[in-house]
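Going by full-length UniProt numbering, the first residue of the sequence shown is number 1, and it counts up by one from there.
Have a look at the structure below before the remarks.
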Amino acid sequence: MMRTSTSLDSLATSQSLRDGETLISADESFELGFFSPGNSTRRYLGVWYRDISGNSTIVWVANREKPLQNMSGVLKFNEEGKLELFNDTNSTVWSSNISSKAVNNPIAQLLNSGNLVVKNGQDSNEDNFLWQSFDYPTDTYLPGMKLGWDLITGLERFVSCWKSEDDPAVGEYSEKVDRRGYPQVIKWKGSAIKKRVGPWTGLSFTGYPVSISRKLVTYEVMVNQKEVYYEYQLLDRSIYSIFRLTPLGSGQRLSWDRQTRSLLEVFARGEQDPCDNYALCGSNSICNMNGNMPTCQCLKGYVPKFPEQWNISYWSNDCVPRNESDCKNSNTDGFWKYTGLKLPDTSSSWFSTTTDLEECQVLCLKNCSCTAYASLDIRNGGSGCIHWYHSIIDLRLFSQGGDDLYVRVPASELGQGNNKKKLVGTTMGVIIFVLIIFVCVMIIKKSRAAREFFRKHYNYKVRNQSVDLPMFDFSVIANATEKFSSRKKLGEGGFGPVYKGTLTDGQEFAVKRLSKTSGQGSEEFKNEVALIAKLQHRNLVKLLGFCIQGEEKMLIYEYMQNRSLDSFIFDVTRRELLDWPKRFKIIGCIARGLLYLHQDSRLRIIHRDLKISNILLDGNLDPKISDFGLARALLGDQVEANTNIVAGTYGYMAPEYAVRGHFSVKSDVFSYGVIILEIVSGKKNREFSDPVNNHNLLGHAWRLWTEERALELLDEVLGELCTPSEVIRCIQVGLLCVQQRPKDRPDMSSVVLMLNGEKLLPKPKVPGFYTESDVTREADSLPTNHKLLSANGVSITVLEGR
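Below is the structure:
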């Protein structure tokens, strides 16, 4: 930031402030002047801490959207008494919004608080401002600044991050006060809620159970018919302390010593883990971090709305009441106390500062829509009352600190039902138990029959695993595909042709029919039925069943309306249908599917043929990993294995697998990294060629990264309709995944956190196979007993209609 020389204590009507001059606060804490942020040459008018260097000390910017292109800026009053900033052509680039009050010899002053104010020169009232910068914050929340609403004028005061460290323009993150219900602070990313900082509970914000500034600041919350705002003041006058919202969306509390101007503390307040993300677990549930992974649990008296999705860790579809409350008699309901929680979203709440906790419970029981209550202020044993109505959203459990919440549940959930209810419950339990036993017997019989079928036809032993897939009649499949009509054909690969089928009830499916000439189809068939049948995840294509009749062998899958991802990404016209938000979502969904295979499924599954054409898209363009014919399971604590038959697709295979037949979860990670770079760029790894450097896509991405030009990799059809920070993060994660050595690559649990977090990522090392000559040279060095199979023999090529 360029320093200035000439200083003023105030700016009067007849004066002006030019580039090279500053306005200084009375205690010399702050300066108003012109600066260039970071490496930028553009000029801005702003306020910063005096004698402290760095962008983090710039607390306010006037012309953040309209920078000056040279050092000719001038700040002065116009004839109407408005403070205006002019450029070299004498055009206005910024103006103070003076109200209609009479302006008499206005002056501009920089107060000791860092607040730039305009007031009448003859007005003795020091707080009677015509205009103040504190009403228009940028990325910094200063002591004495109000964050919230003036309900009389409709003015909303909120902080919004810079676009980058070199550009003060409005970025994508903001923190605002939501005045619905009990006012709370919310962090937004564009128009989406990113995180709830929550309301102030007397000791801390509910989103941060341990107050980060209890000894430094005191907060004031004002809620009346005129104003709704939060404000804080410093308790320790020997320091400076500010809150700053960074371009990446994380919050920072920075403190400096007033005398030495030395930095004392930087406290980061970003999303620390997935549970910080708003409503990760849906409604009526609690998010809890179990190690590095989030888990969700329904509240007492609630059950998952869709249990089958809940069981595969897809939690966003909410929990619903197990038993409806009988609200005619409030005595039939009670409350279950939770401790150590982040209190729920208060946008649909009611509150009272005078009602105590006992009366709070009574009032909640009288209202059928009231689902929970808590103390408004937790100091001194608690005071005040807050009610929540209908669904309870965005709860999480803290290991330390947190608040108490009382959740309403029917008496039956608390063990308070009468004897008649207990008798009915016992009777129903016995009936259900008998039914379960009956169903289990039928499943066991069916499973034994299926295992015997496989032993008889394939000499294949299913190791203590039951084959629970339904077996379809051949006639049903033939009728559903119009006797395997060419009109129903979707594609063909090494296994055989793929057809679309439609059952009489309208259900659509895809069927892979084993070709008589297939060399690997029989093995693939057995592998998918015995191994993949039990995998259940929303980002994996579901195997619905199989069909065996004579020489006919078929696999039946759910039908994916939009076919494979490569038919979009690499198509000249259809690629435009996948904008950046869709691509970013696809990248994240594939990661979660792989994480399930590698870590969360019953067996550790290595896909071994992960590529963009094996990612299918449903009607909503949500991705699902398909084609598990080459997949292998690692048992027990096994994390890697070797094979003499390397099967897969060049351009996606990791070096250690292509050369030595060594595969592990890290070989899938390499393939995933290639997919990320292909999705970002819209280019194929093998077909991309840099004629100067002989680089494939990996080498091209690596060169751009090292030259700090990573954004040039972005698919040109996306233009500027993307989030640069997300694009760069994806490219960095992709390069981390394709590093030469397996031990340098992250595992998929780390990848998921990297994609969804805001923390700094490690620097990637040189990728493997980043030139075409690498692939050819390594393939030529294979030992004679090391057999390499062509990918064409094991993959489906989708046929597109013309």
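From the three backbone atoms N, C-alpha and C, an ideal C-beta is built for every residue, glycine too.
Run of the alpha helix (DSSP H) containing Phe-670, from where it starts to where it stops: By 1-based counting over the sequence shown, the position of residue 670 is 670. Per DSSP, Phe-670 belongs to the alpha helix (DSSP H) from 665-681.
Once DSSP output is grouped into helix, strand and coil, what is the label at Thr-748? In the sequence shown, the residue the question calls residue 748 occupies position 748. The residue asked about is misnamed: residue 748 is Met in this sequence, not Thr. Three-state result, Met-748: helix.
Quick check on the DSSP output: the beta strand (DSSP E) that includes Tyr-44 runs from which residue to which? Within the sequence shown, numbered from 1, the residue matching residue 44 stands at position 44. Start and end: 44-49.
Would you mind stating whether Asn-685 and Gly-651 have Cβ atoms separated by less than 9 Å? Counted from its first residue, the sequence shown places residue 685 at position 685. Counted from its first residue, the sequence shown places residue 651 at position 651. Going by C-beta atoms, Asn-685 is nearer than 9 Å to Gly-651.
Give me the residue from Gly-648, Ile-728, Ala-374 with the minimum Cα distance to His-662. The count along the sequence shown starts at 1 and reaches residue 662 at position 662. Of the listed residues, the one whose Cα sits closest to His-662 is Gly-648.
Extent of the continuous beta strand (DSSP E) run through Asp-566: Within the sequence shown, residue 566 is the residue found at index 566, counting from 1. Not the beta strand (DSSP E): Asp-566 falls in the alpha helix (DSSP H), residues 566-569.
Whose CA, out of Gly-506, Ser-96, Phe-670, Glu-31, lies closest to the CA of Ser-113? Here residue 113 is taken as the residue at index 113 of the sequence shown, counted from 1. Measuring from the Cα of Ser-113, the nearest candidate turns out to be Glu-31.
Sequence-distant residues of its chain with Cβ nearer than 6 Å to Glu-726 (five each side left out): In the sequence shown, the residue the question calls residue 726 occupies position 726. If we look at Glu-726 and ignore the five residues flanking it on each side, its Cβ neighbours are Phe-584.
Hey, quick one: how far does the beta strand (DSSP E) through Tyr-557 stretch, first residue to last? As a first step, residue 557 must be located in the sequence shown, where it is residue number 557. Note, Tyr-557: beta strand (DSSP E), 552-558.
Candidates Asp-356, Ser-369, Arg-396, Asn-694: which alpha carbon is nearest Asn-380's? Looking up residue 380 in the sequence shown gives position 380. Ranking the options by Cα distance to Asn-380, first place goes to Asp-356.
Proximity of Trp-336 and Leu-397 at Cβ, strictly below 9 Å: As a working mapping, residue 336 is identified with position 336 in the sequence shown. As a working mapping, residue 397 is identified with position 397 in the sequence shown. Cβ atoms of Trp-336 and Leu-397: not closer than 9 Å.
Tell me which same chain residues have a C-beta within less than 7 Å of the C-beta of Cys-364, skipping the five on either side of it? The residue labelled residue 364 in the question sits at position 364 within the sequence shown. If we look at Cys-364 and ignore the five residues flanking it on each side, its Cβ neighbours are Cys-370, Tyr-373, His-387, Arg-408.
Can you give me the Cβ contacts of Pro-655 inside the same chain, cut-off strictly under 7 Å, excluding the 5 residues immediately before and after it? Locating residue 655 in the sequence shown gives position 655, counting from the first residue. Closer than 7 Å at Cβ, skipping near neighbours: Gln-740, Gly-768, Phe-769, Glu-778.
Rounded C-alpha distance that separates Thr-89 from Phe-35: Here residue 89 corresponds to residue number 89 of the sequence shown, with the count starting at 1. Here residue 35 corresponds to residue number 35 of the sequence shown, with the count starting at 1. Distance between the alpha carbons of Thr-89 and Phe-35: 19 Å.
Indicate the three-state DSSP secondary structure (helix, strand or coil) for Phe-584 in the structure shown. Along the sequence shown, one-based indexing puts residue 584 at 584. Phe-584: helix per DSSP, three-state reduction.
Pick helix, strand or coil for Pro-344, following the three-state DSSP scheme. Residue numbering aside, residue 344 sits at position 344 when the sequence shown is read from its first letter. It is coil, neither helix nor strand.
For Lys-119: DSSP bridge partner residues: Sequence index remark: in the sequence shown, residue 119 carries index 119 (1-based). DSSP output for Lys-119 lists Ile-107 as bridge partner(s).
With C-beta atoms as the reference, is Arg-513 less than 9 Å away from Phe-546? In the sequence shown, counting from the first residue as 1, residue 513 sits at position 513. In the sequence shown, counting from the first residue as 1, residue 546 sits at position 546. Against a cut-off of 9 Å, the Cβ pair of Phe-546 and Arg-513 comes out as no contact.
Looking at Cys-281: is its Cβ nearer than 9 Å to the Cβ of Trp-315? The count along the sequence shown starts at 1 and reaches residue 281 at position 281. The count along the sequence shown starts at 1 and reaches residue 315 at position 315. Yes; because the gap between Cβ atoms is below 9 Å, this pair is in contact.
Between the C-alpha atoms of Leu-755 and Trp-149, what's the straight-line distance to the nearest angstrom? Residue 755 sits at position 755 when you count from the first residue of the sequence shown. Residue 149 sits at position 149 when you count from the first residue of the sequence shown. Their backbone Cα atoms lie some 34 Å apart in a straight line.
For the alpha helix (DSSP H) that contains Pro-724, what are its first and last residues? Locating residue 724 in the sequence shown gives position 724, counting from the first residue. Residues 724-737.
Segment limits, alpha helix (DSSP H) that includes Gly-651: Here the question's residue 651 lines up with position 651 in the sequence shown. Looking at the DSSP string, Gly-651 is not in any alpha helix (DSSP H), and its letter there is neither H nor E.
Going by alpha carbons, who is nearest to Ser-383 out of Glu-175, Lys-146, Asp-403? Position 383 of the sequence shown holds residue 383. Selected option, being the one with the closest Cα: Asp-403.
Using a Cβ-Cβ distance under 9 Å, would Thr-246 count as near chain B? Of the protein chains in this structure there is only one, and it is not chain B.
Where do the N-terminal and C-terminal ends of the beta strand (DSSP E) with Ser-25 fall, by residue? Taking the first residue of the sequence shown as 1, we reach residue 25 at position 25. Careful: Ser-25 lies outside any beta strand (DSSP E) and carries neither H nor E.
Tell me whether Pro-37 is buried or exposed, calling it buried when 16 or more other Cβ atoms sit within 10 Å of its Cβ. Residue numbering aside, residue 37 sits at position 37 when the sequence shown is read from its first letter. Counting Cβ neighbours within 10 Å, Pro-37 comes out buried, since at least 16 surround it.
Return the CA-CA distance between Ile-731 and Val-511, expressed in angstroms with no decimal places. For the purposes of this step, residue 731 is taken as the residue at position 731 of the sequence shown. For the purposes of this step, residue 511 is taken as the residue at position 511 of the sequence shown. If I take the Cα positions, the gap works out to 36 Å.
Determine the direct distance from the alpha carbon of Ser-241 to that of Glu-308, and round the result to whole angstroms. Sequence index remark: in the sequence shown, residue 308 carries index 308 (1-based). Sequence index remark: in the sequence shown, residue 241 carries index 241 (1-based). Answer to the nearest angstrom: the Cα atoms are 49 Å apart.
Exposure label - Ala-449; buried when at least 16 CB within 10 Å: By 1-based counting over the sequence shown, the position of residue 449 is 449. No answer about Ala-449 holds up, because its pLDDT of 44 lies below 50 and its placement is not dependable.
Could you check if Gln-184 is buried or exposed, using at least 16 other CB atoms within 10 Å of its CB as the buried criterion? Translated into positions along the sequence shown, residue 184 becomes position 184. So Gln-184 counts as buried.
Cα-Cα separation, Asp-51 to Glu-28: Counted from its first residue, the sequence shown places residue 51 at position 51. Counted from its first residue, the sequence shown places residue 28 at position 28. Approximately 9 Å between the Cα atoms of the pair.
Distance CB(Ile-532)-CB(Ile-612) smaller than 9 Å: As a first step, residue 532 is located in the sequence shown; it is residue number 532 there, counting from the start. As a first step, residue 612 is located in the sequence shown; it is residue number 612 there, counting from the start. No, they are not a contact pair.
Over the uninterrupted beta strand (DSSP E) stretch that includes Asn-479, give me the two end residues. Counted from its first residue, the sequence shown places residue 479 at position 479. Counting along the chain, Asn-479 falls outside any beta strand (DSSP E), though it belongs to the alpha helix (DSSP H) covering 474-480.
Ala-192: buried (16+ other C-beta within 10 angstroms of its C-beta) or exposed? Your numbering for residue 192 matches position 192 in the sequence shown. Label assigned to Ala-192: exposed.
Which complete beta strand (DSSP E) runs does the segment 147-176 hold, if anything under 3 residues is left out? 147-150, 155-157, 159-164
Quick check on DSSP: helix, strand or coil for Cys-281? As a first step, residue 281 is located in the sequence shown; it is residue number 281 there, counting from the start. In this structure, Cys-281 counts as coil in the three-state DSSP scheme.
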